[in-house]
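Asks: Here you go, one structure.
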Ligand SMILES: C[S@@+](CC[C@H](N)C(=O)[O-])C[C@H]1O[C@@H](n2cnc3c(N)ncnc32)[C@H](O)[C@@H]1O
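In UniProt numbering, the protein residues as written are 1 to 206.
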């Protein structure tokens, strides 16, 4: 298994790369504990009518659900390497998946399986630290974003993280590494903190 760039360790089967019963429990827990964070990311997404949105590493599919329920997005695609999370996201969003508004497929940040310049907005919440290769992830997300499209990358943190999130926060040097990797592939990279998020916003691709 590939190691995470941020720690040099392999992703665990609980939440980083959910697998088996422990992964299904991890997904159940994430759906409850990360919801506020998803809402805060959505609050910065400014999704316009009919926009095509890609979420990488969707986990249990809460943000896919919010995108479908609260925005005028057109097609919404989620990719995740975990079969357990694809099943959870599909079950959570069953009507929208059945109607074709939400598509769920196997993929990672560095291999989304999506066409070039296909999306107006690409979002990655709580998985950038898990990617094996930060530069490869940035390059792939830039490839699938249309010229002038928006990128939102979020990790645990913000101005009022919960106790559980505090344990997952990244040190400043790692946050800088993320900003630098994105700046290599996207324009106008900026960083901000919401209550629960470290958030990177960018336009792209370069
Ligand atoms: C901590 S969970 C976060 C799930 C969800 N986005 C949330 O915030 O609740 C991490 C997710 O990233 C996925 N993941 C693992 N490796 C990945 C990679 N290389 N690229 C994209 N997603 C990945 C996992 O399968 C898992 O669903």
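Each residue gets a CB set at the ideal place from its N, CA and C atoms; glycine is no exception. In this text the structure is predicted, and so the values were computed from the model without any measurement.
1) Using 8 Å as the Cβ pair cut-off and three pairs as the minimum, do the region 12–20 and the region 111–125 touch?
2) What is the rounded straight-line gap between the Cα of residue 178 and the Cα of residue 134?
3) Does any residue of chain C have a CB that is nearer than 8 Å to the CB of residue 99?
4) So the candidates are 67, 28, 30; which of them puts its Cα closest to the Cα of residue 39?
5) Do residue 49 and residue 72 count as a contact pair if the criterion is CB distance below 8 Å?
6) So, is residue 198 buried or exposed, given that buried needs 16 or more other C-beta atoms within 10 angstroms?
7) Going by C-alpha distance, which of 58, 114, 120 is nearest residue 155?
8) For residue 82, is the classification buried or exposed, using 16 other Cβ atoms within 10 angstroms of its Cβ as the cut-off for buried?
9) Could you check whether residue 98 and residue 61 sit closer than 8 Å to each other, using their CB atoms as the reference points?
10) Can you name the residues that DSSP bridges to residue 57?
11) In chain order, what residues of the same chain have a beta carbon less than 7 Å from the beta carbon of residue 27, not counting five sequence neighbours either side?
12) Across which residues does DSSP place residue 190 in a beta bridge pair?
Replies: Checking against the coordinates, here is how it stands:
1) Cβ pair count under 8 Å is below three, so no.
2) For this step, residue 178 is matched to residue 178 along the chain shown. For this step, residue 134 is matched to residue 134 along the chain shown. Cα atoms of residue 178 and residue 134: separation of roughly 7 Å, rounded to the nearest angstrom.
3) Within the model displayed, chain C is absent; a lone protein chain is all it includes.
4) Indexing the chain shown from 1 puts residue 39 at position 39. In terms of CA proximity to residue 39, 67 leads the group 67, 28, 30.
5) Within the chain shown, residue 72 is the residue found at index 72, counting from 1. Within the chain shown, residue 49 is the residue found at index 49, counting from 1. In contact: residue 72 and residue 49 (Cβ atoms closer than 8 Å).
6) Position 198 of the chain shown, counting from 1, holds the residue named residue 198. The C-beta of residue 198 has 16 or more other C-beta atoms within 10 Å across all chains shown, which makes the residue buried.
7) Translated into positions along the chain shown, residue 155 becomes position 155. That would be 58, whose Cα lies nearest to the Cα of residue 155.
8) The residue you call residue 82 lines up with position 82 of the chain shown. It counts as buried.
9) Counted from its first residue, the chain shown places residue 61 at position 61. Counted from its first residue, the chain shown places residue 98 at position 98. Remark: C-beta atoms of residue 61 and residue 98 do not approach each other more closely than 8 Å.
10) For the purposes of this step, residue 57 is taken as residue 57 along the chain shown, with counting starting at 1. Bridge pairing for residue 57: absent [DSSP].
11) Here the question's residue 27 lines up with position 27 in the chain shown. These residues qualify, in order along the chain: 18, 59, 60, 84, 85, 88.
12) As a first step, residue 190 must be located in the chain shown, where it is residue number 190. Beta-bridge partners assigned by DSSP to residue 190: 201.
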